[in-house]
Every structure is written in C-alpha cells, then in structure tokens.
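In our numbering, the protein residues as written are 701 to 907.
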C-alpha cells in the first residue's frame, strides 16, 4: 500500500484518521478469512483431467475434476515476513508494549493481535498535538498498518479460487485436434480399432 511521503503536510489528526481507516480495512479482511474458515470453505487450487478413449468413435473424451484445499489449511500453513517498525511507546504501561513478532502462533492470529493493539497506542500521541518526534512515531504506526494490509492482501490472494477456464479451453482445443487427426486416420486405414493390455494400448487396422 503506497503512503504519502514523509515530508507531506498532513496533520496528526490526518495520520490518526488514516491509521484507523487502514485498521478497519484490515479487520474486514481478517473477519472475512475467519468466517470462511468457520464455514469450512474449500478453495479450488487446480483441476485434474482424465482422458478416456471412446472405443466406438475413437475419440478422446476428457473429464475434469477440481482439486480443492480447505481454506483453514491454507491460512494455518501461511508464513510471510512483515517488515515492521519496532516502536517503543514512551508511556509507562504494560498494555502499551508491542510485540511485533509474527511467528509464535498462527500467522493470521499474530497479525490480528497487532492490528488490534497498535491503534489505541497511536491514539495516545494526540497529547503531543503534532510535535516533530510524535509525528514520526505516528508515521511509523501508519507504515506498520500499511505493511499488515499488504501482507493480508497477499494471504487473501492465496484463498481466491483458481480460474482455470482458459487453460481448460486450451487443453480441449488440443484434444479436438487429436480427435480430428484420428478421424483422418480412420479414412486412410480400414477396420481401425483400439486394443489394450495391462501395459500398452494399440490401434490396429489394414491398408
């Protein structure tokens, strides 16, 4: 997510407003992923093809079957490094200590924890009314939220059903050409028929 340059003229209120906007967007992504896990949704990640030769027509006939993975597995196995500012709030409160480690538990749980924790701490910087050092800290919070959003977007992309229609059409076009060649062969070879054993299949005929 692209952010304004550090030398922009935004006020501390503008920064806080954007922090909360990004936080809300992140929450929507997280809530959506959690809801799909609760529903045990499965994501199409591939498509299997099986070709059978119709012995009567000598045409190859494809059947297709989607390959699916539980979204829960995709999310639980997901790991990604998120570069975050290790902000040390100046407030003397145990609740204001941030742990930016995103590796201890499920990745999504850690991201959700940080998304929830940072904004309330950032809000406390209102008391400095936009002084230089406080503005730099707010920009770091904003960059952290933007980093979380980019990382969540990458995870969400992995849970989108694969659109394999174009590849399937490409395969079917090639199968059609094979079948057309087979029909041309039937015109040149009499009594063309298919036979098979455990290891190989054969086309036999006579000229």
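Positions of the beta carbon are idealized from the N, C-alpha and C atoms, including for glycine.
From the DSSP secondary-structure annotation, give me the bridge partner or partners of residue i.
i	result
residue 895	902
residue 765	748
residue 742	770
residue 760	753
residue 890	906
Out of curiosity, what's the CA-to-CA distance linking residue i and residue j?
i	j	result
residue 890	residue 907	6 Å
residue 790	residue 735	37 Å
residue 821	residue 799	13 Å
residue 825	residue 834	6 Å
residue 717	residue 859	30 Å
residue 842	residue 771	29 Å
residue 749	residue 761	10 Å
residue 899	residue 881	24 Å
residue 851	residue 719	16 Å
residue 857	residue 885	46 Å
residue 740	residue 714	40 Å
residue 783	residue 728	21 Å
residue 901	residue 864	30 Å
residue 755	residue 905	14 Å
residue 868	residue 876	12 Å
residue 708	residue 737	40 Å
residue 866	residue 883	26 Å
residue 817	residue 838	14 Å
Our contact map puts residue i next to residue j with C-beta atoms below 8 Å; I'd like the distance itself, whole angstroms only.
i	j	result
residue 892	residue 751	With a Cβ gap of about 18 Å, residue 892 and residue 751 do not count as contacting.
residue 879	residue 815	Going by Cβ atoms, the distance from residue 879 to residue 815 rounds to 54 Å, so no, they are not a contact pair.
residue 862	residue 712	Their Cβ separation, rounded to whole angstroms, is 44 Å, which puts residue 862 and residue 712 out of contact at 8 Å.
residue 840	residue 787	6 Å
residue 723	residue 819	5 Å
residue 894	residue 733	Their Cβ separation, rounded to whole angstroms, is 49 Å, which puts residue 894 and residue 733 out of contact at 8 Å.
residue 836	residue 730	Contact doesn't hold; Cβ gap of about 28 Å is too wide.
State yes or no: is the C-beta of residue i nearer than 7 Å to some heavy atom of the ligand ATP?
i	result
residue 878	You won't find the ligand ATP in this model; it holds no ligand whatsoever.
- prompt: On the three-pair Cβ rule with 8 Å, is the region 845 to 854 touching the region 868 to 888?
  reply: no
query: So does the region 803 to 814 actually touch the region 771 to 781, counting three or more Cβ pairs closer than 8 Å?
result: yes
Three or more C-beta pairs below 8 Å linking the region 728 to 744 and the region 763 to 772: yes
message: For a minimum of 4 consecutive residues, which ranges assigned as the alpha helix (DSSP H) are wholly contained in the region 791 to 864?
response: 807 to 823, 832 to 858
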